[in-house]
Structure formats: C-alpha cells, structure tokens
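The opening residue of the sequence shown carries number 81 in the working numbering; numbering runs sequentially from there. Just so it is clear, CB atoms sit at the ideal spot from N, CA and C, and this is done for glycine as well. Since the structure comes first, as structure tokens, the remarks are kept for the end.
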Amino acid sequence: MSRVVVLVGATSGIGRAAARAFAERGDRLVLAARAPRTLADVRDECVEAGAEVLTVPTDVTTPGALDALADAAVDRFGRIDVWVHTAAVTAYGRFEQLPARVFDQVVRTDLLAVAEAARVALRHFRAASAGTLILTGSVLGHITAPYLSSYATAKWGLAGLVRTLQQELRDDADIHVCLVSPGSVDTPIYQRAANHAGQVGRPPPPIASAKRVARAVVDCADHPRREVSVGPFNGLMRVGFTLLPGVYDALVGPLMRRLGLDDTAVDPHDGVVFAPDPTSEAVRGGWLPDLGRVLRAAGNLPGQVGALVRRPAR
C-alpha cells in the first residue's frame, strides 16, 4: 500500500530530489514550499512519475502554517505516514558581521520551524500509533566551521532535539524519528545563502549529490534509523573535532577560507533567508558534473562516430 508522505522544502535540493524518489515508488505526496510556481513544477514532475500529489504553498516560519499543512494532508488523503522536513536556509559571515535579523531568521527556519513540524507530525503519529518523522540535519550539527554560526547553531540544536525525541519515543515502537546528516551536497543552497562574508560560499569537497542524500531519506522511510550520515569524511571530522580540538580549530579556518569560500567578491545580501527566489530553485547546484548529461553524451558517441565514418569524402 502506498504511503502518504508530507515533504516540506520540496522545490529545491534534497527535498526536490526526495519528492521525485518518493513519486517513483508510487507514494502519495503532499508537497510544501514557499514558491507556488516552482511547487507546481515539482508537482508536474511527480505526477509524470505516477504519483498522486497535493501541493500546499507554505512558509514554515508563519504561525499556524504547519498545522494547516497537516490538516490539508489529512483532508485529502486521510492520514500522514511519513513527514520529511528538508526546508533550510543559511548565511555566510563572521558572527559579529552577520545582522541579528539574518541570524535569527536562519535559526527560526532551521530549528524553531523544524521543532514546530515535529510537534505537528508527532501529534498525528501518536493519534495513529505509527509514523516516521525524517529531519535533515548536517555534519555541522556535530562540528563547527567559521562563517556559518547561524547554521551551526540551528543544526546543533536540531541534533539535540532529535536525540531527545528518540529518548521520549522509546516506548512507542511504531513511531520513529530519523536524522539524515549530510556533509557538502550539490544543491543551490550555497548560492542562495545570505552573504555578509564578502566572498561567495561554496561546498568544500568531497561533495555528495542531492539524489544520494534523497536515497538516504527514502531508505529511512522504508527502514527507520536513528541517524544516517552521508559523506565519506563526516566521521573523521567528528573524531577530529572531539578528540583533537586544538588541531581541528587550527586547521578549520584556513581550510574554510580556501575550500568553503570562492575568490569572487560579493556585496552583502540576504539571499533567500526572508523570501524565495524561484529562479534559483533546482535539484543541483552545479558543483558536480551532470552525470545524466555525460551519460547521454556518451550514449550518442557511437552514432556520432558512425556518422563521421559514413560521411562521404569531398
């Protein structure tokens, strides 16, 4: 039987990739994000994959918006089986350079709104005695890096919230809370970030694809796990951060400036922290090669070679 999946943050990055993945499995989807136009595009992608889809334009920081989203899901499909929350924003800049309003909005979006989503989802799951809540954390929920204070603050708080919920739900065998914690991911979040650092942000290598993280999300819906880390160096960074704090702190600043910031200068701006930008919403951020395009080009190569061989000499 197909599941009813509520997916918040469905128009870009991991959320959009996960929406497609759930659609291909035949799950019924309730998709939420801030930009109605892009939300309609994602709906069309998922319907084409064979899914039944409801879209609910939602700003997670608006009071009552997540309750209204849950009500819409139940009105349409009768229940909620899985709630996936991927909506997030970020900001670059030294802590004292980052305007308080930007810092606060990142924490409001990435932590307080997620807590409200958990509150709403768990209320429905407890009533049904079953359900899976999947939240997207980050390796920055276990380590820190300069210029990302608001994001790290929110993700550390989220990791603490998830651990607490898991403890409180130990006696509810069919209610699960999962945390998917990626490292760098090829999504547009870096270009869309607020920036008060003077340099454009970018994901430090190694970089995972959004589809890879989406697979981890879907796997948690199938087989719930307490936490899934996506990124080959995540464990190593956590060990260094914990066991060798002096060495870690000496290295992380220079590495962040070299690998996490571009040389391109940028004037201060708020990115999408306060309002969406539909023109920048996509699964990929362009940091990794488009393997689909590469494979299609490779598939066309024999025909192109054959055409050259068959072309008559002039």
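Cβ-based burial, residue i [other Cβ within 10 Å; buried from 16]
i, result
"D343", "exposed"
"G158", "exposed"
"S264", "buried"
"L331", "exposed"
"G351", "buried"
"E248", "exposed"
"R272", "buried"
"T138", "buried"
"L388", "Residue placement at L388 is flagged as unreliable, the pLDDT there being 42, under the threshold of 50; the coordinate-derived value follows with that caveat. Exposed, by the Cβ-count rule."
"T322", "exposed"
"D266", "buried"
"D190", "buried"
"T142", "exposed"
"P325", "exposed"
"P262", "buried"
"V327", "exposed"
"A180", "exposed"
"V319", "exposed"
"R394", "In this prediction, R394 scores a pLDDT of 42, lower than 50, which makes its location untrustworthy; the coordinate-derived value is nonetheless stated afterwards. Exposed, by the Cβ-count rule."
Sequence-distant residues of the same chain with beta carbon closer than 6 angstroms to residue i, five excluded per side
i, result
"T224", "A232"
"M336", "A225, P226"
"L259", "L215, G217, V242, E307"
"V401", "One cannot answer for residue 401 here, as it falls past the ends of the chain, which runs 81 to 394."
"A115", "T91, P356, P358"
Sequence-distant residues of the same chain with beta carbon closer than 7 angstroms to residue i, five excluded per side
i, result
"V353", "V169, A171, V182, Q185, V186, A274"
"P392", "In this predicted model, P392 has a pLDDT of only 49, less than 50, meaning its place in the structure is not dependable enough to derive any value."
"R123", "L111, V133, T135"
"R100", "E125, C126, A129"
"R96", "A90, V122, V363"
"L381", "Only weak support exists for where L381 lies, its pLDDT of 44 falling under 50; the coordinates are left without a value."
"S209", "D254"
Member of the options whose CA lies at the smallest distance from the CA of residue i
i, options, result
"R117", "L249, D357, L368, I255", "D357"
"R306", "L335, A239, R272", "A239"
"F313", "L146, H222, P137, A150", "H222"
"L339", "V327, V293, P179, P286", "P286"
"V219", "H204, R203, W236, S209", "W236"
"C300", "T244, D329, L316, I214", "I214"
"V88", "D190, V327, V154, T166", "T166"
"A362", "R83, V86, A113", "A113"
"V162", "R83, A98, A208, E196", "R83"
"S360", "V86, G93, V85", "G93"
"E176", "D151, Y270, S229, L119", "S229"
"P268", "C258, P262, A210, G281", "G281"
"T244", "M317, D190, A198", "A198"
"P369", "H303, V194, S289, D155", "S289"
"G39", "I160, L192, L178", "For residue 39 there is no data in the structure shown, the boundaries of the chain being 81 and 394."
"R108", "R188, R156, F205", "R156"
"P283", "S261, A153, G365", "G365"
"L178", "P348, W367, R203", "P348"
"V242", "A296, V85, A153, V308", "V308"
"M81", "V154, A148, D302, R292", "D302"
"P304", "A120, V164, V257, R295", "V257"
Residues that residue i bridges to, as DSSP identifies them
i, result
"S261", "S309"
"Q279", "A345"
"S289", "D266"
"G173", "L228"
"I255", "G211"
"L87", "L111, V164"
"A274", "A171"
8 angstroms CB neighbourhood of residue i in its chain, flanking five on each side removed
i, result
"V385", "Because V385 carries a pLDDT of 42, less than 50, the predicted location of this residue cannot be relied on, and the following value inherits that uncertainty. Correct list: empty, nothing qualifies."
"G130", "A103, E104, G106"
"L375", "Only weak support exists for where L375 lies, its pLDDT of 48 falling under 50; the value from the coordinates is given anyway. Closer than 8 angstroms at Cβ, skipping near neighbours: no residue."
Cutoff 8 angstroms: residue i Cβ touching any chain B Cβ
i, result
"A120", "Reference to chain B is not applicable here, since this structure consists of a single protein chain."
The ligand SAM heavy atom lying under 7 angstroms from the CB of residue i
i, result
"D161", "As for the ligand SAM, it is missing from this structure, which has no ligand bound."
* Asked: Which runs of the alpha helix (DSSP H) spanning at least 4 residues fall entirely within the segment 205-253, listed in chain order?
  -> 229-248
* **beta strand (DSSP E) runs contained entirely in the segment 108-171, provided each spans 3 or more residues** => 108-113, 133-137, 162-165
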